[in-house]
Every structure is written in C-alpha cells, then in structure tokens.
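The block underneath contains the structure these notes are about, expressed in structure tokens.
Following this line, the structure appears as structure tokens:
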C-alpha cells in the first residue's frame, strides 16, 4: 500500500507506519469448516453501483451451472442496485439458483455466512467471513470483468478493495478449481483464511499501535514530545473504546458495518 500511494502521488511514504484497523475480535476456537457436495456461494453487503461483482457474478453462476455443477448463490443486502440485479436474474433465468435474501440482523452474520462454501465480497464482511473459515474471494470494487486478486488468504498485504493493486485472476477458474479440490485442500484453504483474518483483529491492532516507532514530525523537542503523547493517547483510546463496546454487548465490526 505504501508503494501504491508513493507511486500514485510521487511522494515518499517509506517512513509511514501502516497497519490494518482492527474490525473483529480474535476467536479462540474456530469450528472445523464443513463443505457441501455442491457449490454454495454467498455475498453480504450494500447493493451499490461500485460493488460491480454483484452483477458479473450472475454471469459466472450461469456458466458454472452450464458445467453441470449444482450451484446456488445467495445475495444478502439492500440498495439501489437491487432492481438491476433482479432484472438480470430474470434475464438469465436464474430464479431457482440465485436468491435475493434482503437484509438480516448482524447477530445472525456467523450463522448465515458459515453455511456458504465460498464467500465473495469486500469491506469488513470479507474479513469476517474469512474469520469464520469460509474461503473468500476478493470482490474488487468498480471492475466490470469477472476478475479478482484471488482468495483473501492469498493477498500479500492487507489492502484488497481497490483496483490495480495486484495481478488479477479469472473468477470462474477459481470457483472451478475450488469445486474440484480435495477435502484436505479445502480444509487447508479454510484455515489459511482464519489465519489471514487475524491481521485485522482488535488484539493485533492494539499491539501494532503499541509497537509503532515514533519519528519526529517537527524537529523541535516539543514536536517529539507531542509525537509520543499522541501515540500514548491514541493507543489508549483504541483499547478503551474496544472495552466500552464489549461492555455494551457490541463489537467494532458492528459499528463499522452499520456505516459501510
């Protein structure tokens, strides 16, 4: 990400400390993922124009079905793109395969998403699905072709939504390779996603803040003291806010998802 923005702006960000914001609570134990003998695909999120994968995924599902594979695709969410999606479902005669499920309470996220064999999407939903051990394909925002960076566990860093970050792969091929893989290979992929999601845990975020190396923004001693003070206060605020959310029976994921 540092290289990406340095190249885009022409500025040197090599001294910038970059790490992901924590959006999930790290789970102590994740149940072993059980996969079906068919291909159950799902997505969760706002149905908006820049989430173009909601449109081209219908073509992908149509082609998968043409291969003789039992497939289903559940779309959870509301938004202005819903009508266009519905029209294309009817156009491709996918009414028995693709279902617009509407919204659901956040408390049901784990139950709903755990039933998918593969998740496709972006934002915090992608991270949370991965944390459940569901292999998750990155839905790149605003791309019109059925292309992706791959499974979330394969992404080298922690940036994944924007276009032109990494080489792209054909989505159809990923689904077919997954479907034809062995149970051990699917289990390994599931575990890799759980591991990847830990980068985005609140615990990892607090640790990253604590390990940030301070560097002087201002040359004066006052500037350096302010730099250290800012670090201490910012780290404390993250930890305090996390505790307040837990006491209120909420998580940062819920807060982020409510505005996503």
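In the numbering used here, the protein residues as written are 1 to 260. Ideal Cβ positions, reconstructed from N, Cα and C, are used throughout, including at glycine. Model, not experiment: these values are computed from the prediction.
Determine the burial state of residue 66: buried for a count of at least 16 other Cβ atoms within 10 Å of its Cβ, exposed for fewer.
Here residue 66 corresponds to residue number 66 of the chain shown, with the count starting at 1. Residue 66 is exposed by the Cβ-count criterion.
Which residue spans inside the stretch 62-134 form an unbroken beta strand (DSSP E) run of at least 3?
71-76, 98-102 and 118-121
By Cβ distance below 8 angstroms, which residues in the same chain neighbour residue 102 in space, the five residues on each side in sequence not counted?
Looking up residue 102 in the chain shown gives position 102. Once the five neighbours on either side are set aside, the close Cβ partners of residue 102 are 76, 77 and 78.
If you reduce the DSSP assignment to three classes, tell me which class residue 142 lands in.
Position 142 of the chain shown, counted from the first residue, corresponds to residue 142. Three-state result, residue 142: coil.
Where does residue 163 sit, in a helix, a strand or coil, going by DSSP?
Here residue 163 refers to the residue found at position 163 of the chain shown. Residue state, collapsed to three classes: coil.
For residue 36, which of helix, strand or coil comes out of DSSP?
Taking the first residue of the chain shown as position 1, residue 36 is located at position 36. Judged by DSSP in its simplified three-state form, residue 36 adopts coil rather than helix or strand.
Going by C-alpha distance, which of 35, 55 and 191 is nearest residue 94?
The residue labelled residue 94 in the question sits at position 94 within the chain shown. The residue with the shortest Cα to Cα distance from residue 94 is 55.
Short of 6 angstroms in beta carbon distance, which residues of its chain neighbour residue 147, apart from the five on each side in sequence? Order them along the chain.
Locating residue 147 in the chain shown gives position 147, counting from the first residue. 168.
Is the separation between the beta-carbon of residue 162 and that of residue 141 shorter than 8 angstroms?
Here residue 162 corresponds to residue number 162 of the chain shown, with the count starting at 1. Here residue 141 corresponds to residue number 141 of the chain shown, with the count starting at 1. Cβ atoms of residue 162 and residue 141: closer than 8 angstroms.
Quick check on residue 50: does DSSP put it in helix, strand or coil?
Counting from one through the chain shown, the residue named residue 50 turns up at place 50. In this structure, residue 50 counts as coil in the three-state DSSP scheme.
Please say whether residue 80 and residue 126 have beta carbons closer to each other than 8 angstroms?
Position 126 of the chain shown, counted from the start, is the residue given in the question as residue 126. Position 80 of the chain shown, counted from the start, is the residue given in the question as residue 80. Not a contact, by the Cβ cut-off of 8 angstroms.
Can you name, in chain order, every residue of its own chain whose Cβ lies under 8 angstroms from the Cβ of residue 60, other than the five neighbours on each side?
As a working mapping, residue 60 is identified with position 60 in the chain shown. Cβ within range, chain order: 146, 171, 172 and 175.
What number of angstroms, rounded off, separates the C-alpha of residue 10 from the C-alpha of residue 188?
For this step, residue 10 is matched to residue 10 along the chain shown. For this step, residue 188 is matched to residue 188 along the chain shown. When rounded, the distance between both Cα atoms is 40 angstroms.
Among 124, 134 and 181, which one has its Cα closest to the Cα of residue 114?
Reading the chain shown from its first residue, position 114 is the one you call residue 114. Considering only alpha carbons, the answer is 134.
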